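**Student:** With the first letter of the sequence shown counted as 1, position 126 gets the number 125 in numbering that gives the first Met the number 0; the numbers rise by one all the way through. Let me give you the structure first, and then I'll get to my questions.
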Amino acid sequence: MNNLKFEDLSLKDSILKAIKDMGFEEPSQIQAESIPVALEGHDIIGQAQTGTGKTAAFGCSILTRMEPSKGKKSPKALILAPTRELAIQVNEELMRLGKYEKLSVLPIYGGQPIDRQIRALKQGVDIVVGTPGRILDHMRRKSLQLDTIDFLVLDEADEMLNMGFIDDLEEIVKSLKSERQTLLFSATMPEPIKKLAKRYMKQDAKHIIIKKNSLTVSKITQYYFEIKHKDRFETLCRVIDFDEPNAAIIFCKTKKGVDEVVEGMQARGYMVEGMHGDMSQNHRLQTLKKFKEGNLDFLVATDVAARGIDVEGVTHVINYDLPQDSESYVHRIGRTGRANREGIAYSLVTPKEYMMLKQIQKSTKSTIHRKNVPTADEIFESKFKNMITQVKETIESNDFAKFVPIATELDEEYSLVDVAAALMKIVFDKETSFDYEKNTLESPAMEENRLFFSVGRRDGLTPKLLVNFLKDTARINPKQIGDIDIKENFCFANVDSEIVDVIMKKCMGKKLNKRKVNIEVAKKRKK
Numbered sequence: 000m001n002n003l004k005f006e007d008l009s010l011k012d013s014i015l016k017a018i019k020d021m022g023f024e025e026p027s028q029i030q031a032e033s034i035p036v037a038l039e040g041h042d043i044i045g046q047a048q049t050g051t052g053k054t055a056a057f058g059c060s061i062l063t064r065m066e067p068s069k070g071k072k073s074p075k076a077l078i079l080a081p082t083r084e085l086a087i088q089v090n091e092e093l094m095r096l097g098k099y100e101k102l103s104v105l106p107i108y109g110g111q112p113i114d115r116q117i118r119a120l121k122q123g124v125d126i127v128v129g130t131p132g133r134i135l136d137h138m139r140r141k142s143l144q145l146d147t148i149d150f151l152v153l154d155e156a157d158e159m160l161n162m163g164f165i166d167d168l169e170e171i172v173k174s175l176k177s178e179r180q181t182l183l184f185s186a187t188m189p190e191p192i193k194k195l196a197k198r199y200m201k202q203d204a205k206h207i208i209i210k211k212n213s214l215t216v217s218k219i220t221q222y223y224f225e226i227k228h229k230d231r232f233e234t235l236c237r238v239i240d241f242d243e244p245n246a247a248i249i250f251c252k253t254k255k256g257v258d259e260v261v262e263g264m265q266a267r268g269y270m271v272e273g274m275h276g277d278m279s280q281n282h283r284l285q286t287l288k289k290f291k292e293g294n295l296d297f298l299v300a301t302d303v304a305a306r307g308i309d310v311e312g313v314t315h316v317i318n319y320d321l322p323q324d325s326e327s328y329v330h331r332i333g334r335t336g337r338a339n340r341e342g343i344a345y346s347l348v349t350p351k352e353y354m355m356l357k358q359i360q361k362s363t364k365s366t367i368h369r370k371n372v373p374t375a376d377e378i379f380e381s382k383f384k385n386m387i388t389q390v391k392e393t394i395e396s397n398d399f400a401k402f403v404p405i406a407t408e409l410d411e412e413y414s415l416v417d418v419a420a421a422l423m424k425i426v427f428d429k430e431t432s433f434d435y436e437k438n439t440l441e442s443p444a445m446e447e448n449r450l451f452f453s454v455g456r457r458d459g460l461t462p463k464l465l466v467n468f469l470k471d472t473a474r475i476n477p478k479q480i481g482d483i484d485i486k487e488n489f490c491f492a493n494v495d496s497e498i499v500d501v502i503m504k505k506c507m508g509k510k511l512n513k514r515k516v517n518i519e520v521a522k523k524r525k526k
């Protein structure tokens, strides 16, 4: 992309400021190619994989072109997404991108109390992000008027087709005025999506196809740790103390993040330096030279500063922050596992970042295994084992002759067991020169969702029948299904958040005991 910067894309200063706050320095390919076209007002048919940065692509262009409403707000942009989770993610990213704009964004999806959504719509809103079913519901209730929409986004259109939303999409799009900009993004282009685009988009719509790169990470074992944001740095220290990497690169999203991590690690005695764009070229070269020569154990860097780094012997890559897209993830972890060697990649993931993690797994077709954060006891045990190994290797090498007189002198006064134990304590205390904040960090469980099903006792439903229906239809593990509460006409089931999308996709509209099943994410019960 010839080192294109966001500053080169004619975006509003306020949007550029927000992008900088988010830690993005360079646009992804879909952003670089689609933003200039969108800013010119063209319709876009964009074919790109999940996790390539599409949200920022359409978000930046819409927020730059849109002016705040004068008087009472009315929706100017409508963004349709296939799932509740994606709608929430898009809403959050737009809020971050538009933090310096006087624009309001409202997410609308099933499972939220509809009266709360109606009140928010009455107060006025600039951008609506929602799932087709709930948007259509509001249209029919007359609580959402779409005659003022200037921008329409169909995000992951093929997924909406797969989930049976094509008729809903058509009904929504038909209700909009023709003088609008439409941005359609889809990983694949099945025939119904092509027909929809031909029927409802301008004839001069620009086609942007981002070729699917072969994202291979075969020699790299990948893990993630579930963490709370406040525990991020402590988790990093525990992970590297447990593994004791020979050489590791730690990636942060922002320059400020690099500085903070380096300062914290140096305070704990690690051999570490950082690299980011605010440092001089000479400084960066000197830092890289130290790392290559083994004078540093850890290099902390942003994506841009680390471009082109090719260092032999990097055993670990640690994503202190997840990157903004799958391609960046692969570029990062590709710094290890070079020359046909095996490497290890760790990612520190908060619940808010879990959706991005799932997108990365999907795009790279790889499994990222969940791992528990090491406890203090586990770290001590690991260090003891490493110390014993080093002692045995030193004895076998016979490379300790100059220390024999000292050992002989100590042997006259103390037992050799006491001497060895004392020396090991000295070494161990130097390697663990700080106390861990707590023996166990809080490890947040991924959110469990409560699903509503439109079948109940009158349909002959039993817990076993519902479990078998979900197991056979969605191909899920019954252990991922929790409490089931069956009412007369409907039921609720608690399920692992990881399988919500699968259930919605595979089971929606299917028949259970001859009754067509409707499924929604239910409002959480008060504890």
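Beta carbons are placed, not taken as given, at the ideal position from N, Cα and C, and that holds for glycine. Please read these numbers as outputs of a predicted model, since none were measured by experiment.
Can you find the residues in the same chain that come closer than 6 angstroms, C-beta to C-beta, to G97, ignoring five residues on each side of it along the sequence?
**Tutor:** Cβ neighbours of G97 beyond the five flanking positions: L62.
**Student:** Can you find the residues in the same chain that come closer than 6 angstroms, C-beta to C-beta, to E155, ignoring five residues on each side of it along the sequence?
**Tutor:** These residues qualify, in order along the chain: P81.
**Student:** Between the alpha carbons of A521 and F23, how many angstroms are there, rounded?
**Tutor:** In a straight line, the C-alpha of A521 is about 35 angstroms away from that of F23.
**Student:** Measure the Cβ-Cβ separation of G110 and E497 and say whether it is below 8 angstroms.
**Tutor:** No. Outside cutoff.
**Student:** Is the beta carbon of G163 sitting closer than 8 angstroms to the one on M507?
**Tutor:** It is a contact, given that the beta carbons lie within the stated cut-off.
**Student:** Using the rule of at least 16 other Cβ atoms within 10 Å of the residue's Cβ for burial, across every protein chain shown, is L182 buried or exposed?
**Tutor:** L182 comes out buried.
**Student:** Who are Q122's beta bridge partners in DSSP?
**Tutor:** For Q122, which the question treats as bridged, DSSP gives no partner whatsoever.
**Student:** If I follow the unbroken alpha helix (DSSP H) through A86, where does it start and stop?
**Tutor:** Looking at the DSSP string, the run of the alpha helix (DSSP H) that includes A86 is R83 to L96.
**Student:** According to DSSP, which residues form a beta bridge with A300?
**Tutor:** F250 and M274.
**Student:** Could you check whether A246 and V316 sit closer than 8 angstroms to each other, using their CB atoms as the reference points?
**Tutor:** No, these two residues do not count as a Cβ contact at 8 angstroms.
**Student:** Output the boundary residues of the alpha helix (DSSP H) element that contains F379.
**Tutor:** Segment A375 to S396, the alpha helix (DSSP H) holding F379.
**Student:** To which residues does DSSP link E64 through a beta bridge?
**Tutor:** Checking the sequence, you will find Arg at residue 64 rather than Glu. None; R64 has no bridge partner.
**Student:** What does the alpha-carbon distance come out to for the pair N281 and E272?
**Tutor:** Rounded to the nearest angstrom, the two C-alpha atoms are 14 angstroms apart.
**Student:** Select from D203, A76 and L143 the residue whose C-alpha is nearest the C-alpha of D42.
**Tutor:** The shortest C-alpha separation from D42 is found at D203.
**Student:** Three or more C-beta pairs under 8 angstroms: does that hold for the region 194-208 against the region 322-334?
**Tutor:** No, the region 194-208 does not touch the region 322-334.
**Student:** Measuring CB to CB, does V152 end up less than 8 angstroms from I78?
**Tutor:** Yes, the pair counts as a contact, with Cβ atoms nearer than the cut-off.
**Student:** What is the residue span of the alpha helix (DSSP H) that G132 lies within?
**Tutor:** Here the alpha helix (DSSP H) through G132 covers P131 to R140.
**Student:** Helix, strand or coil, according to DSSP, for K505 in the structure here?
**Tutor:** Helix at K505.
**Student:** How should I14 be labelled, buried or exposed, when 16 other C-beta atoms within 10 angstroms of its C-beta is the threshold for buried?
**Tutor:** So I14 ends up on the buried side.
**Student:** Confirm, please, whether the CB-CB distance from P67 to L102 is below 8 angstroms.
**Tutor:** Cβ distance < 8 angstroms, so L102 and P67 count as in contact.
**Student:** Within a Cβ cutoff of 7 angstroms, which residues of the same chain sit near P106, ignoring the five residues on either side of it in sequence?
**Tutor:** So the qualifying residues of the chain are A86, I87, N90, V128 and G129.
**Student:** If you compare alpha carbons, which of K176, Q180, K72 and R118 is closest to T60?
**Tutor:** This sequence places Ser at residue 60; Thr is not what is there. Per the Cα distances, Q180.
**Student:** From I405 to D277, what distance separates their C-alpha atoms?
**Tutor:** Distance between the alpha carbons of I405 and D277: 51 angstroms.
**Student:** Using the beta-carbon count (16 or more within 10 Å), is V426 buried or exposed?
**Tutor:** Classification of V426: exposed, given that the 10 Å Cβ count is below 16.
**Student:** Do the CB positions of V454 and V494 come within less than 8 angstroms of each other?
**Tutor:** For V454 and V494, no; Cβs fall outside 8 angstroms.
**Student:** Output the distance between the C-alpha atoms of A76 and A119, rounded to the nearest integer angstrom.
**Tutor:** A76 and A119: Cα-Cα distance of roughly 16 angstroms.
**Student:** DSSP on E169, reduced to helix/strand/coil?
**Tutor:** Of the three classes helix, strand and coil, the one that applies to E169 here is helix, per DSSP.
**Student:** Looking at the structure shown, is S362 part of a helix, part of a strand, or coil, going by DSSP?
**Tutor:** Reduced to three states, the DSSP call for S362 is helix.
**Student:** Could you name the residues that DSSP lists as bridge partners for S185?
**Tutor:** Note: S185 sits in a beta bridge opposite Q46.
**Student:** Keeping to the same chain, check which residues put their C-beta closer than 6 angstroms to that of H368; ignore five residues upstream and five downstream.
**Tutor:** So the qualifying residues of the chain are Y222.
**Student:** Whole angstroms is fine: what's the gap from K486's alpha carbon to L145's?
**Tutor:** About 36 angstroms.
**Student:** With contact counted as at least three CB pairs below 8 angstroms, one residue from each stretch, are the region 232-252 and the region 299-314 in contact?
**Tutor:** At 8 angstroms Cβ cutoff, the stretches touch.
**Student:** Within a Cβ cutoff of 7 angstroms, which residues of the same chain sit near V535, ignoring the five residues on either side of it in sequence?
**Tutor:** What is shown of the chain runs 0 to 526, which leaves residue 535 out entirely.
**Student:** Quick check on this structure: which residue in A305, G312, V124 and Q30 has the alpha carbon closest to the alpha carbon of K291?
**Tutor:** Measuring from the Cα of K291, the nearest candidate turns out to be G312.
**Student:** So, are the CB atoms of F241 and I378 less than 8 angstroms apart?
**Tutor:** Yes; because the gap between Cβ atoms is below 8 angstroms, this pair is in contact.
**Student:** Beta-carbon within less than 7 angstroms of E6's beta-carbon, same chain only, minus the 5 sequence neighbours each way: which residues are those?
**Tutor:** Excluding sequence neighbours, E6 sits near L15.
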